[in-house]
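Protein chains in written order, with my numbering: chain Z, 79 to 359; chain C, 860 to 1123.
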Amino acid sequence: MPAPTLPSENPTASVASLSGYAIEFDKVSIAFDEKVVLDGISFQLARGETKALFGVAGSGKSTLLKLAMGLMRPDSGRIFALGEEVTRMSEQELFELRRRVGIVFQESALFDSLKVYENVAFRLMEEKTPAEEIERRVREVLRFVELEQTYDMRPSELSGGMRRRVAIARAIITEPEVLLYDSPTGGLDPVTSNTIVELIVKQRDVYKTSALMVTHRLQDAFTMATHQFDKATNQMVVLPKGQRCEVPLSFLILRDAKVIFDGDAQQLATSRDEYIREYIS
Amino acid sequence: MAFELELISPIEVAKDVALAVQEYTLLSAQSLANFFRRPLYMGDMLQQADLIGVGSLPIVILTGLSVGALLALNAASTLQRFGGITLIGQLVSIGMVTELGPLITGLMVAGRNASGMASELGSMIVTEQIDAMRALGTDPTKKLITPRIGATAFMLFFLTIIADLLGLIGGFAVAHLIFGLNSRQYWTSVWQILVFRDVFTGLIKPVLFGFIISTVGCYYGISTRGGTQGVGRSTTQAVVAASVLILIVDFFVTKLIFAIFGYR
Chain Z
79 MPAPTLPSEN PTASVASLSG YAIEFDKVSI AFDEKVVLDG ISFQLARGET
129 KALFGVAGSG KSTLLKLAMG LMRPDSGRIF ALGEEVTRMS EQELFELRRR
179 VGIVFQESAL FDSLKVYENV AFRLMEEKTP AEEIERRVRE VLRFVELEQT
229 YDMRPSELSG GMRRRVAIAR AIITEPEVLL YDSPTGGLDP VTSNTIVELI
279 VKQRDVYKTS ALMVTHRLQD AFTMATHQFD KATNQMVVLP KGQRCEVPLS
329 FLILRDAKVI FDGDAQQLAT SRDEYIREYI S
Chain C
860 MAFELELISP IEVAKDVALA VQEYTLLSAQ SLANFFRRPL YMGDMLQQAD
910 LIGVGSLPIV ILTGLSVGAL LALNAASTLQ RFGGITLIGQ LVSIGMVTEL
960 GPLITGLMVA GRNASGMASE LGSMIVTEQI DAMRALGTDP TKKLITPRIG
1010 ATAFMLFFLT IIADLLGLIG GFAVAHLIFG LNSRQYWTSV WQILVFRDVF
1060 TGLIKPVLFG FIISTVGCYY GISTRGGTQG VGRSTTQAVV AASVLILIVD
1110 FFVTKLIFAI FGYR
């Protein structure tokens, strides 16, 4: 699978400090009306780590991502992002924190009244970045996701997969310290899904950004566990047998509002839990 | 197909109403406070002013002319009986400037723009664009709501002046063409009857109505739930709520101004 030319590589923030947690959930619960969606959820995402989050539809995966960004408030428990307690911050304080976190929404959530470059540049324009700098960086990330030709197009003119890639470009343009992916391959055909997974792997291996990825597709996570991005050939390649990925990848499985598994691929493969065995079979 | 009738407790309804009022009040207060906080999105405000003001101009021109003409036509049949046809200008003037100009313009703009705001923001809610904006570090109340409030209040003020003027012209057309009143008689009586209180009443109302239209439209948009069906529901509710609120506020503002300045 060939990949495009890389933008200027600057793996600074995320690999600089691998200590502490990028995201931490401590006994977090939330219910909508009578339905308990998350019940006492606790887990940590280490800096530089990628964690794949699984669960059946309606198990609270997207809610969990929104909680991590402070887009929703839990009923109880504490949430930390990049060392700051999200659950204690006001909305105004959260706006500052969110500038250091990128998110790719399930349906892309591109602003349909804006063009692709305006979508991608949204955060930079809000920060009053000079126009030439904005154009340079927008073209750079669009090249990264192989969509430079869509610069002047509107989201309605793009396919589902292209919209997802533009959403990734929008999320990474400010080189965030943590990336949250909400079902980035959901509803896409296998070929397009592979393109998206390759982009995520590329982002992971080039920038070493911490990432929390919600997905329904176990094969996406296994592809991420068994592949790495080769900068020399500019494409995703299979890891040699027995070699582990440079960036740690772990799995988190939700069931009935609780975490039933939190571990690496090895532990997942050898799990004796019947539900997990059925899930991964 | 069997239908089940679910009875809702009046206490639950009261709680929901109280919660909606609380959320609306908070949203309105926050959006007003945003006028004093940076950044102020002037570009977005100008864009909204164009959409709301210039976009509403044709409908305001049409209704202003029609209402003025109808007012003159209806008033004339009564005035003729008492030989007071020359007072027609006074009646149209007072009616348009203090009451019908602001009210009709407010209701027209509510129908056009409260629904537009509710559907636009509602669509942004259901497609997670509002969440995306928050996630990108931008306050949606600053970027989306405050510019709409500023633009609606500002533009409704001028739209009302235009509607008043066209109402007077419509009234003149009827008075002159149908009842043969001469131009000087009509315009002199129009001008002479108006006092400061009338003009003040007529110009303070559109600012309040503009605030109501934009806050109600934005509130229903931003609190949309339930997909595209929810967007439709929000749109309808926004128009109904804004129109009813305009009528209620109109009554109390008129009463308050009478209490302050006294009756004629």
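Think of the CB as a built atom: it goes at the ideal place given N, C-alpha and C, for glycine as much as any other residue.
Predicted model only: the values in this text are computed from it and were never measured.
Evaluate residue i with the Cβ neighbour count: other Cβ atoms within 10 Å of its Cβ, from every protein chain shown; 16 or more gives buried, anything less gives exposed.
i               : result
Q345 (chain Z)  : exposed
K1064 (chain C) : buried
T90 (chain Z)   : Because T90 (chain Z) carries a pLDDT of 38, less than 50, the predicted location of this residue cannot be relied on, and no value is offered for it.
K1001 (chain C) : buried
I1071 (chain C) : buried
E127 (chain Z)  : buried
R102 (chain Z)  : Just to set this straight, residue 102 (chain Z) is Glu in the shown sequence, not Arg. It is buried - the Cβ of E102 (chain Z) has at least 16 other Cβ atoms within 10 Å.
R55 (chain Z)   : With chain Z covering only 79 through 359, there is no way to say anything about residue 55 (chain Z).
G965 (chain C)  : buried
P318 (chain Z)  : exposed
P80 (chain Z)   : Model confidence at P80 (chain Z) stands at a pLDDT of 42, short of 50, so the residue's coordinates are unreliable; what they give is reported in the following sentence. Flag for P80 (chain Z) reads exposed.
D875 (chain C)  : exposed
S95 (chain Z)   : Only weak support exists for where S95 (chain Z) lies, its pLDDT of 38 falling under 50; the coordinates are left without a value.
F1111 (chain C) : exposed
K280 (chain Z)  : buried
Y195 (chain Z)  : buried
Y1078 (chain C) : buried
Y1045 (chain C) : buried
Q297 (chain Z)  : exposed
G265 (chain Z)  : exposed
Q321 (chain Z)  : exposed
E139 (chain Z)  : The question names Glu, yet the displayed sequence has Lys at residue 139 (chain Z). When all chains shown are included, K139 (chain Z) counts as buried.
A343 (chain Z)  : buried
Q939 (chain C)  : exposed
S890 (chain C)  : buried
R125 (chain Z)  : buried
L1163 (chain C) : It is not possible to answer for residue 1163 (chain C), since the shown part of chain C is limited to 860 through 1123.
Please state whether the Cβ-Cβ distance between residue i and residue j is less than 7 angstroms.
i               : j               : result
G1061 (chain C) : V956 (chain C)  : yes
R201 (chain Z)  : V223 (chain Z)  : no
G996 (chain C)  : F183 (chain Z)  : no
F941 (chain C)  : L1015 (chain C) : no
S1094 (chain C) : S974 (chain C)  : First, the residue type needs correcting, since residue 1094 (chain C) is Thr and not Ser in the sequence shown. Cβ atoms of T1094 (chain C) and S974 (chain C): closer than 7 angstroms.
P1006 (chain C) : D903 (chain C)  : yes
A935 (chain C)  : G1029 (chain C) : no
E163 (chain Z)  : L175 (chain Z)  : no
G1121 (chain C) : G1026 (chain C) : no
A187 (chain Z)  : Q988 (chain C)  : yes
V284 (chain Z)  : I251 (chain Z)  : no
R232 (chain Z)  : K193 (chain Z)  : yes
A969 (chain C)  : A873 (chain C)  : no
A1010 (chain C) : A892 (chain C)  : no
F121 (chain Z)  : D340 (chain Z)  : yes
L332 (chain Z)  : S191 (chain Z)  : no
S1048 (chain C) : G948 (chain C)  : yes
V180 (chain Z)  : P254 (chain Z)  : Note on residue identity: the sequence assigns Gly, not Val, to residue 180 (chain Z). A contact, by the Cβ cut-off of 7 angstroms.
S1073 (chain C) : I1021 (chain C) : no
A1097 (chain C) : V1075 (chain C) : yes
List the residues of chain C whose Cβ lies closer than 7 angstroms to the Cβ of residue i, in chain order.
i              : result
F200 (chain Z) : L995
I181 (chain Z) : A994
R243 (chain Z) : Here the premise fails: no neighbours, minimum Cβ distance about 15 angstroms.
Which residues in chain C sit within 8 angstroms of residue i, going by Cβ to Cβ distance?
i              : result
A187 (chain Z) : T986, E987, Q988, D990, A991
F173 (chain Z) : R993, G996, T997, D998
Taking residue i as the query, report the chain C residues whose CB atoms sit under 9 angstroms from its CB, ordered along the chain.
i              : result
E204 (chain Z) : P898, L995, G996, T997, K1002
R177 (chain Z) : L995, G996
Tell me which residues of the stretch 110-140 of chain Z have at least one Cβ-Cβ distance to chain C shorter than 8 angstroms, keeping chain order.
none
Using a beta-carbon distance cut-off of less than 7 angstroms, what residues from the stretch 980-1003 of chain C approach chain Z?
T986, E987, Q988, D990, A991, R993, A994, L995, G996, T997, D998
When you compare the stretch 253-261 of chain Z with the stretch 233-240 of chain Z, are there three or more beta-carbon pairs, one atom per stretch, that lie closer than 8 angstroms?
In short, these stretches do not touch, since the Cβ pair count stays below three.
Return the residues of the stretch 141-153 of chain Z that lie within a Cβ-Cβ distance of less than 8 angstroms from chain C, sorted by chain order.
K144, M147, L149
Report yes or no: do three or more beta-carbon pairs, one from the stretch 1016-1036 of chain C and one from the stretch 980-988 of chain C, lie closer than 8 angstroms?
no
May I ask you to list, following chain order, the residues of the stretch 336-358 of chain Z that have a beta carbon less than 7 angstroms from some beta carbon of chain C?
none
Does the stretch 103-122 of chain Z come within contact of the stretch 151-159 of chain Z, defined as at least 3 CB pairs closer than 8 angstroms?
Between the stretch 103-122 of chain Z and the stretch 151-159 of chain Z, the count of Cβ pairs shorter than 8 angstroms is three or higher; the stretches touch.
Could you tell me whether the stretch 290-308 of chain Z touches the stretch 318-329 of chain Z, using the rule of 3 or more Cβ pairs below 8 angstroms?
yes
Would you say the stretch 206-219 of chain Z touches the stretch 139-151 of chain Z, given that touching needs at least three Cβ pairs under 8 angstroms?
no
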